[in-house]
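In what follows, a structure is listed as structure tokens, so that the remarks can point back to it.
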DNA sequence: TCTGGGGTCCTAGGACCC
DNA sequence: TCTGGGGTCCTAGGACCC
């Protein structure tokens, strides 16, 4: 059996933990640049604000309905996530942190299979403990496979009578649930495949479960076949409780106002390259190549987009190497008289730092010096904030950075923003 | 005026090899 | 002149996830 734990309306719940006046209020959290809605409380969902709604289209409607609006506060959400996951780890050593607000976990064999506690009670215990430790409400779905645990979780969240925990185990019960389960809600079946399957008259998870293997393989590829087997209770997706190393690292942003000056774009790309290099060092990896993309976005009248990959002469995680390659890649693509809405830097060909192969003419002494320098820079920036020290190419103008409108304080990661602490010292 | 940011996996097709 | 068959590697694009 496998459990899926999912935090309810995670970002909205995080905002509520530190501001109890928000309980039962309508809350939405906006994306970077306050562009669109990325999280909603149940009340805001009920009002009919869709996920991804453009803020400018819904602003008046939300204000008229008293919706509390927040710019996203990822330092807070990341830290709250960390607390939730640490609490869950107390319940089982076999846990896979799947996303910022989700984890798969193998229920403790000693407790559950020994019959000391039912799976329902086990789930309830997780729920009450996480809430007590963090203030975050969660839902728990337990079933024989990951895909069915996802189904169970959805039921736990939707049907209030289950009190946030739902166990799906018996074949006839599984079929009953799947018969009323929309294929679009199955983990792994997205918009496109739903449309395709609908065209064949397949609408429910049970219908899909009963299709033949060759048909599934032909129409949905091997990935789809795995999903279907999982619906049949045959595990095809392992619990990945040993974290795998990243295969790519990306930093990208949309700009509130389109950038036309090359120098602004260069600053942005250098900044993204620098942040990516930092992430690379944090994970103790190096990259073989740097990919840069720029685009005017679909909404532009005059559309242009390009991407370019530069190989590094030697795999590296040194900011200057990454930045200079990124700028070179940008040079090859940049075209005048376009307004660029988005850019990004992706590092690929990642490899463990200690496996670095020196090329024939590589200067190992210089390499060691750079490594020490990078380490010192990281330490300073860790202590004094990102970009306390930075490479000149990253720049200071930052015309492309926009201040978020309504940020909540970083309650858990920054003393200065803690309202209680402030009150005490005043 | 204003539309997120990060990832993964799979497949088809081209280039190249013997 | 005729023009096989099997394999690998790489990349772009499509699909999905949160």
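Residue numbers (our numbering): 612 to 1037. All C-beta atoms in this analysis are idealised placements derived from N, C-alpha and C, irrespective of residue type, glycine included.
Which two residues bound the contiguous beta strand (DSSP E) that contains residue i?
i	result
residue 709	706 to 710
residue 920	916 to 927
residue 837	It is not in any beta strand (DSSP E) - residue 837 instead sits in the alpha helix (DSSP H) that spans 824 to 842.
residue 959	951 to 963
residue 911	Run containing residue 911: none; DSSP gives neither H nor E here.
residue 615	613 to 618
residue 714	713 to 716
residue 789	Looking at the DSSP string, residue 789 is not in any beta strand (DSSP E); the run it does join, the alpha helix (DSSP H), is 782 to 790.
residue 777	776 to 778
residue 1038	In this structure the chain extends from 612 to 1037, so residue 1038 is not present and cannot be described.
Among the options, whose alpha-carbon lies nearest the alpha-carbon of residue i?
i	options	result
residue 874	974, 889 and 1011	1011
residue 649	662, 684, 677 and 862	662
residue 734	811, 778 and 938	778
residue 786	797, 818 and 809	818
residue 904	636, 973, 945 and 910	945
residue 901	870, 935, 894 and 916	935
residue 653	965, 768 and 1018	768
residue 868	846, 893 and 906	906
residue 841	757, 823 and 912	757
residue 981	932, 953 and 1004	932
residue 693	744, 677 and 912	744
With H, G and I counted as helix, E and B as strand and the rest as coil, what does DSSP make of residue i?
i	result
residue 847	coil
residue 941	helix
residue 631	helix
residue 864	strand
residue 1010	coil
residue 723	helix
residue 750	strand
residue 683	coil
residue 762	helix
residue 651	strand
residue 898	strand
residue 1035	Reliability fails at residue 1035, whose pLDDT of 47 lies under 50, so the model's placement of it is uncertain and the value that follows must be treated cautiously. It is helical.
residue 905	strand
residue 1029	coil
residue 793	strand
residue 703	coil
residue 859	strand
residue 870	strand
Have a look at residue i and residue j and give me their C-alpha separation to the nearest angstrom.
i	j	result
residue 833	residue 801	15 Å
residue 645	residue 719	42 Å
residue 712	residue 816	25 Å
residue 830	residue 813	13 Å
residue 759	residue 622	25 Å
residue 938	residue 689	31 Å
residue 1025	residue 971	47 Å
residue 686	residue 1021	7 Å
residue 961	residue 899	6 Å
residue 883	residue 810	42 Å
residue 886	residue 959	14 Å
residue 973	residue 966	15 Å
residue 861	residue 728	44 Å
residue 748	residue 823	40 Å
residue 762	residue 797	7 Å
residue 631	residue 1023	16 Å
residue 888	residue 772	48 Å
residue 627	residue 957	34 Å
residue 1063	residue 683	Outside the shown range of the chain (612 to 1037) lies residue 1063, about which nothing can therefore be said.
residue 838	residue 943	42 Å
residue 636	residue 679	7 Å
residue 616	residue 657	23 Å
residue 592	residue 821	This structure cannot settle anything about residue 592, because the visible part of the chain is limited to 612 through 1037.
For the alpha helix (DSSP H) that contains residue i, what are its first and last residues?
i	result
residue 972	Element bounds for residue 972: n/a, residue is neither H nor E.
residue 883	873 to 893
residue 803	802 to 810
residue 741	730 to 745
residue 819	816 to 820
residue 670	666 to 675
When burial is assigned at 16 or more other CB atoms within 10 Å of the CB, is residue i buried or exposed?
i	result
residue 1034	The predicted model places residue 1034 with a pLDDT of 48, which falls under 50 and marks its position as unreliable; any figure quoted below should be read in that light. It counts as exposed.
residue 724	exposed
residue 853	exposed
residue 951	buried
residue 638	buried
residue 702	buried
residue 672	exposed
residue 804	buried
residue 990	exposed
residue 863	buried
residue 790	exposed
residue 776	buried
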